[in-house]
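These notes concern the structure reproduced below.
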């Protein structure tokens, strides 16, 4: 497992339990397979809602075996990625322990671009934030930049339905029982604003062999409306789109239907929507371990 600092102790326990089940070795830790953990524990911690750091067993899980203590530490002491750039290595080492000096800040400020343009322009370069709300705000701001430039922007609303109701649904507003967290709706958003040229990211695996996986980023090159229409008639018209994924080629992405539990035990909800989100900005947790050519 890579980027182990972002894995919570609770998640490690779930991985242990699942491997025991899959390997049919209930009495062996991690199902008896070898497990390697990689990462820097002074990098990003688990997101708050996911639990305690991977090395800290919560009180409510004691006196069960402390899974972290089953591992043997092997520390790598030589920086290979920034090999030869001693100044940058020094800055990174100070940053990870929160001890940047005035000189470090001065060096970093020399890299600040006052008036970004070309590949560093706001509507092109990726911006990284700490919260989802900041990401949504920036994506909305960039969307307005294109709107003001005259781009035709379409608002797409997901097609939702309750297919397995377990409670009385008289006078029920379906929106009130559908999770707002996209991670609980199979990666399908409730609303998506798109246009030809929009930068988007896949939120679902479509075809691993073609690189059409969760996290793949590209630009919309064409919008294909249902029933051979030339344009959108209703906001619930969910189109197919052609996306240029760069090295992974140009591919058509169709709407996807996913079922997930409704809130308050109302049964099962089905959502049909494009498995895409706007991607001019991401959270730092989403970008951990990624390499990008341009950032703001």
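Residue numbers (my numbering): 833 to 1128. Ideal placement from N, C-alpha and C gives every residue a C-beta, glycine not left out.
Classify residue i as helix, strand or coil using the three-state DSSP reduction.
{"i": "residue 928", "result": "helix"}
{"i": "residue 900", "result": "helix"}
{"i": "residue 1048", "result": "coil"}
{"i": "residue 922", "result": "helix"}
{"i": "residue 973", "result": "helix"}
{"i": "residue 965", "result": "helix"}
{"i": "residue 1065", "result": "coil"}
{"i": "residue 839", "result": "coil"}
{"i": "residue 913", "result": "coil"}
{"i": "residue 1040", "result": "helix"}
{"i": "residue 1031", "result": "strand"}
{"i": "residue 1095", "result": "helix"}
{"i": "residue 1108", "result": "strand"}
{"i": "residue 827", "result": "Nothing about residue 827 can be reported from this structure: the residues present for the chain run from 833 to 1128 only."}
With 16 other CB atoms within 10 Å as the buried threshold, where does residue i fall?
{"i": "residue 1066", "result": "exposed"}
{"i": "residue 970", "result": "buried"}
{"i": "residue 1060", "result": "exposed"}
{"i": "residue 992", "result": "buried"}
{"i": "residue 870", "result": "exposed"}
{"i": "residue 1050", "result": "buried"}
{"i": "residue 941", "result": "exposed"}
{"i": "residue 933", "result": "exposed"}
{"i": "residue 1094", "result": "buried"}
{"i": "residue 846", "result": "exposed"}
{"i": "residue 1139", "result": "Because the chain spans 833 through 1128 in this model, residue 1139 falls outside it and cannot be assessed."}
{"i": "residue 1012", "result": "exposed"}
{"i": "residue 990", "result": "buried"}
{"i": "residue 863", "result": "buried"}
{"i": "residue 927", "result": "exposed"}
{"i": "residue 916", "result": "exposed"}
{"i": "residue 1103", "result": "buried"}
{"i": "residue 901", "result": "exposed"}
{"i": "residue 972", "result": "exposed"}
{"i": "residue 977", "result": "exposed"}
{"i": "residue 937", "result": "exposed"}
{"i": "residue 1114", "result": "buried"}
{"i": "residue 963", "result": "exposed"}
First and last residue of the alpha helix (DSSP H) that includes residue i?
{"i": "residue 940", "result": "934-941"}
{"i": "residue 944", "result": "Careful: residue 944 lies outside any alpha helix (DSSP H) and carries neither H nor E."}
{"i": "residue 1119", "result": "1116-1119"}
Starting from residue i, trace the beta strand (DSSP E) both ways and give me its first and last residue.
{"i": "residue 1073", "result": "1072-1076"}
{"i": "residue 1086", "result": "Neither: residue 1086 is in no beta strand (DSSP E) and is coded neither H nor E."}
Residue i and residue j look like a contact to me (Cβ under 8 angstroms); what is the Cβ gap, rounded to whole Å?
{"i": "residue 1020", "j": "residue 1105", "result": "4 angstroms"}
{"i": "residue 921", "j": "residue 935", "result": "14 angstroms between Cβ atoms; not a contact."}
{"i": "residue 837", "j": "residue 877", "result": "6 angstroms"}
{"i": "residue 850", "j": "residue 860", "result": "So it is not a contact: roughly 13 angstroms between Cβ atoms."}
{"i": "residue 813", "j": "residue 1108", "result": "Because the chain here runs from 833 to 1128, residue 813 falls outside it and cannot be looked at."}
{"i": "residue 1086", "j": "residue 1075", "result": "That pair is no contact at about 11 angstroms."}
{"i": "residue 960", "j": "residue 1116", "result": "5 angstroms"}
- request: Identify every run of the beta strand (DSSP E) within the region 844-884, keeping only runs that are complete inside it and at least 3 residues long; order them along the chain.
  value: Qualifying beta strand (DSSP E) stretches: none in this window.
query: Counting only runs that start and end within the region 972-1028, where is the beta strand (DSSP E) found for 3 or more residues in a row?
result: The beta strand (DSSP E) runs of length 3 or more contained entirely in the region 972-1028 are, from start to end of the chain, 986-989, 991-997, 1023-1026.
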